[in-house]
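Taking it in order: structure first as structure tokens, then the write-up.
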Amino acid sequence: MSTIPSPAHRDASPRLASYISTKTGQFAYFDSQLGRPDWSGRRVLDFGGNVGTFLEEAAGRVQPSLYWCVDVSRPAIEEGRRRSPRAHWIFYDRYNPQFNPGGVPGLRLPDLATRFDFVFAYSVFTHTPDDETVELVHALRSLLTQDGVLAFTFIAPDWAPRGEGHESNVRWRLRSRSLGNTPEPLPVPARLDAVVEQAREARWCAVVDHTLLFDARAPVGPCGRYDVLWSPDHARSLFPAAEVRPPVAPERQHCCLIGPKE
């Protein structure tokens, strides 16, 4: 365990469950990772889709009536329903240490009563313990059609955009206190380089508030910040059937593509 001191820590009160994302680019990201498929008539599940930015950015290529969004933020689901009432919005009151600390631990996925051609999870398992990620991926795969695809992202600690001056993902996460698009930079301790180098070589690490963890089995209670980072090899060890693809600009996240359960 390594500690990154910070003058102020985000509190871990249940108010964080009201999180509404301002992140954009999810549709372009998955459209690129999937080779720009024909979206017409395809049923889409946006797992952790918040207010449905994916649907908005699809600009008519995904029909609202064929779009489902499941998220642990009730206000985000309500806002999504306000924006696109023809789509399907489902609040999932499952515990998450950062985004729904008042939720129910281990709550099963709701019955959506349909199968999906595409299931997406953008920056969901980057905030989820490994055992829960494996469980949820297993459950999401069971919702796919026979030729359906599940695509989800992860952040590799040592990956960095090309070009001079671009920092690695783990340094980026350690220096950022962002929720949505509102960064609050951390101070840079003199030993940050040593900590970053240790994390870059790790198969798994997590930024938990002001602490850097290297044990995926360590329990995590309610916190203001929980960022999980995997190496591509760790992703393959968890999901041997998945195809792991590198990030597409301007994103920093790798992508796992996996089909339905056999």
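Mapping of the sequence shown onto our numbering: position 183 corresponds to residue 188, and the numbering continues sequentially without gaps.
Where a beta carbon is used, it is the ideal one built from N, C-alpha and C, also for glycine.
Beta-carbon spacing of Y231, A211 below 8 Å: On the sequence shown, position 226 is the one that residue 231 refers to. On the sequence shown, position 206 is the one that residue 211 refers to. Cβ distance < 8 Å, so Y231 and A211 count as in contact.
C-beta contact flag for L71 and R48 at 8 Å: The residue given as residue 71 occupies position 66 in the sequence shown. The residue given as residue 48 occupies position 43 in the sequence shown. For L71 and R48, yes; Cβs fall inside 8 Å.
V56 versus R87: straight-line alpha-carbon distance, rounded: To locate residue 56, count along the sequence shown from 1; it is residue 51. To locate residue 87, count along the sequence shown from 1; it is residue 82. Taking the straight line from one Cα to the other gives about 9 Å.
Euclidean distance between Cα positions of R79 and H259: As a working mapping, residue 79 is identified with position 74 in the sequence shown. As a working mapping, residue 259 is identified with position 254 in the sequence shown. Near 28 Å, if we compare the C-alpha coordinates of H259 and R79.
Helix, strand or coil at I95 [DSSP, three-state]: For the purposes of this step, residue 95 is taken as the residue at position 90 of the sequence shown. DSSP places I95 in strand when its eight states are reduced to three.
Cross-strand partners of W73 (DSSP beta bridge): For the purposes of this step, residue 73 is identified with residue 68 of the sequence shown, where counting begins at 1. Bridge partners of W73: L50 and H93.
For A156 and Y127, the rounded distance between their alpha carbons: Taking the first residue of the sequence shown as 1, we reach residue 127 at position 122. Taking the first residue of the sequence shown as 1, we reach residue 156 at position 151. For Y127 and A156, the distance between alpha carbons rounds to 8 Å.
C-beta contact flag for G108 and D98 at 8 Å: In the sequence shown, the residue the question calls residue 108 occupies position 103. In the sequence shown, the residue the question calls residue 98 occupies position 93. Going by C-beta atoms, G108 is nearer than 8 Å to D98.
Expected contact under 8 Å - CB spacing of V175 and L234 to nearest Å: The residue given as residue 175 occupies position 170 in the sequence shown. The residue given as residue 234 occupies position 229 in the sequence shown. Rounded, the Cβ-Cβ distance is 6 Å, consistent with contact.
Residues bridged to H259 (per DSSP): Mapped onto the sequence shown, residue 259 falls at position 254. In DSSP, H259 forms a bridge with F159.
G85, DSSP secondary structure in three states: Looking up residue 85 in the sequence shown gives position 80. Collapsing the DSSP output to three states places G85 in a helix.
Neighbourhood of S89 by C-beta distance below 7 Å, restricted to the same chain and skipping five residues each side: The residue given as residue 89 occupies position 84 in the sequence shown. Around S89: G57, L60 and P69.
Simplified DSSP assignment, three categories, for L184: Start at 1 with the first residue of the sequence shown, and residue 184 comes out as number 179. Residue placement at L184 is flagged as unreliable, the pLDDT there being 34, under the threshold of 50; the coordinate-derived value follows with that caveat. L184: coil per DSSP, three-state reduction.
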